[in-house]
Every structure is written in C-alpha cells, then in structure tokens.
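The structure appears below as structure tokens.
Residue numbers (my numbering): 5 to 99.
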C-alpha cells in the first residue's frame, strides 16, 4: 500500500470517529438538519476510499483535491473539521 493510500485510510478512520461523536451527541436530543447533512457529506467525500486503497492505479487527485477538498470548501469556514487538511497532516507527519 502506498503512503497516500494509507493516509486516505487513516483519514477515513478519523472521519468515522467524528461521525461517532456526532451520533452520541444526537442520542440526547436528536440530530439537527445541519448535523445530518454534515454526516451525509462526510460519507459522500469518503465512500470511495475502500476502492482507492485497493486499486494500484487510483486517481489520488480525485479522492484528495476533489472529494476531500470539496468537503473542506463547503465546511472549512464553519466547522473545525477539514478532511483534506487531516489527510495532508497524516501524510506529512504520521507516515
């Protein structure tokens, strides 16, 4: 597995932890429309990661700049959770 693919896998892991936190918070009072949309958008940005980590010919730009970056473009100024930033941090500092 290439280091970029490993970074995608670790990004997926961190996103799942974020979804879990939101889910636990929602147990008390339910999820807001915004929280539900946020979870759906995380899933949309990451649902192709399993294919990306098993494909030797993966288009990393699609998964990083377009999918992760697109999520960050939508939420980057309102929520302190940025998928492309997480991916880049993992790639540069943890692998």
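No residue lacks a Cβ here, since even glycine has one placed at the ideal position from N, Cα and C. Keep in mind it's a predicted model, so treat the numbers as computed, not measured.
With contacts defined as CB atoms closer than 8 Å, residue 70 and residue 15 fail to qualify as a contacting pair.
When DSSP assignments are scanned along the region 36-81, the uninterrupted stretches of alpha helix (DSSP H) that are 4 or more residues long and fall wholly within it turn out to be 37-50, 53-58, 73-79. The Cβ-Cβ distance between residue 22 and residue 57 does not fall below 8 Å. Residue 28 sits exposed, since fewer than 16 C-beta atoms from the chains shown fall within 10 Å of its C-beta.
Closest in C-alpha terms to residue 79, from the list 39, 63, 6, 92, comes 39. Its Cα nearest to that of residue 20, the residue 48 stands out among 68, 5, 66, 48.
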